[in-house]
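Take a look at the structure set out below.
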């Protein structure tokens, strides 16, 4: 195995440096995009060549580490924060990544956090510091879990030897507290709709649509008309939503109920008198790094909730959708797929709601005043003396 620095003469008179890599009886080339012009003895030419030599040495070292399965010492001091941002560059929403990065740098007291500093003790102290700030246990769990996910990615890429989170005893790890989600009943949805005067029509329809589709705010506010497609199943035509979820980056295929389609029809009629848009709810759409539309809808719903005298927020629509499906007898696996959950344990909390509804239904069963029946009186027959037989009479005589 060898890495050789080569030079290629350019038409305009300069030099382009590239590497010739010989490995496993194969030869390949890698261009460095390092160019040098002018006199070879000039300082600028020497600097460019030295840079190319360093690139060659780095690649030679990296290939040797991989071949002999050694620990790459050069990677241990790479900044974890830089790695965090680079590894998440493909994500549509980077809000949670920025939040995690800010928490780590605040705890470390520095903008640069070498990977070699991330130990079991570092992680336990980080967890304790978040608790002392008064953060909810679920928030601490979410930050720790996300931190661990990117450490695992660093291990896979050879930047770290192992994930120190795995060295923390389970008894010392922060636990997620799963609360029972609130939801709306059919009567409450009708009551809410009745008191929707003064609410922007698109806020109203988006909320009701989510009650019957389970879409999150981030997905329904970016829903396109082209995301609503037609599909044939067993010679029957269905309408469904096909879209990439903003939170999980997974595609979801969601068949639409009659109620959801009715809401879309109402929205289509309203859209005929509006400026043409690709978005189903254009008044709610905004770029990822902005929240003005979200804040607008939030306060619309707060005031709407007060009018209807029923507490609800936008995400309650998703809880309502899941609980309604399970109450109607849909199996938990199907509900999990319709919600776009990556793990079925996330759907289990809604099953617990349905179980509680069953208990409430049983406890609300009307009590009947069942009096004890009077004991059955048996007729007592009077005992009569048996008549003596004729034979016995004769014998006695």
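In this note's numbering, the protein residues as written are 773 to 1169.
A virtual CB, placed ideally from N, CA and C, is assigned to each residue, including glycine.
- If you look at residue 1114, you'll find it isn't in any alpha helix (DSSP H); DSSP assigns it neither H nor E.
- CA-CA distance, residue 987 to residue 1120, rounds to 18 Å.
- In this structure, 1026 is the residue among 1022, 1018 and 1026 with its C-alpha nearest to the C-alpha of residue 1011.
- Per DSSP, the continuous alpha helix (DSSP H) segment holding residue 1037 begins and ends at 1030–1043.
- For residue 943, there is no enclosing alpha helix (DSSP H), as DSSP marks it with neither H nor E.
- Counting only unbroken stretches of 3 or more residues, the beta strand (DSSP E) elements lying wholly within the region 968–1028 are 1000–1005, 1008–1016 and 1023–1027, in sequence order.
- Sequence-distant Cβ neighbours of residue 954 in its own chain, meaning closer than 7 Å and more than five residues away, are 1088 and 1091.
- The region 1101–1108 and the region 1013–1022 do not touch, with fewer than three beta-carbon pairs separated by less than 8 Å.
- Shown here for residue 1065: same chain residues with a beta carbon closer than 8 Å to its own, the five before and five after excluded, namely 993, 1055, 1056, 1057 and 1058 in chain order.
- Note that the region 970–990 touches the region 1028–1036; at least 3 beta-carbon pairs, one per stretch, sit closer than 8 Å.
- Cβ-Cβ separation between residue 1082 and residue 960: approximately 5 Å, consistent with a contact (criterion under 8 Å).
- Secondary structure of residue 808 (DSSP, three-state): strand.
- DSSP, reduced to helix, strand and coil, places residue 781 within a strand of the structure shown.
- By the CB criterion at 8 Å, residue 946 and residue 897 fall outside the cutoff.
- For residue 860, the CB contacts under 7 Å within the same chain, skipping 5 residues up- and downstream, are 866 and 869 in chain order.
- Of the residues assessed, residue 790 falls on the buried side of the cut-off, its CB having 16 or more other CB atoms within 10 angstroms.
- Taking the C-beta atoms as reference points, residue 962 is found no nearer than 8 Å to residue 919.
- Residue pairing by DSSP puts residue 803 in a beta bridge opposite 790.
- Of all alpha-carbon atoms in 932, 803 and 1080, the one lying nearest the alpha-carbon of residue 966 is that of 1080.
- Distance from the CA of residue 937 to the CA of residue 875, rounded to the nearest whole angstrom, comes to 17 Å.
- Here residue 885 has 851, 852, 853, 876 and 877 as same chain residues with Cβ atoms under 8 Å from its own Cβ, once five neighbours each way along the sequence are excluded.
- When the Cα atoms are used, residue 901 and residue 932 turn out to be separated by approximately 24 Å.
- No Cβ-Cβ contact shorter than 8 Å links residue 775 with residue 812.
- Counting the other CB atoms within 10 Å of its CB gives residue 895 a total of 16 or more, which places it among the buried residues.
- Judged by DSSP in its simplified three-state form, residue 774 adopts strand.
- Residue 996 counts as exposed, since fewer than 16 other C-beta atoms from the protein chains shown sit within 10 angstroms of its C-beta.
- Looking at the DSSP output, residue 886 shares a beta bridge with 851.
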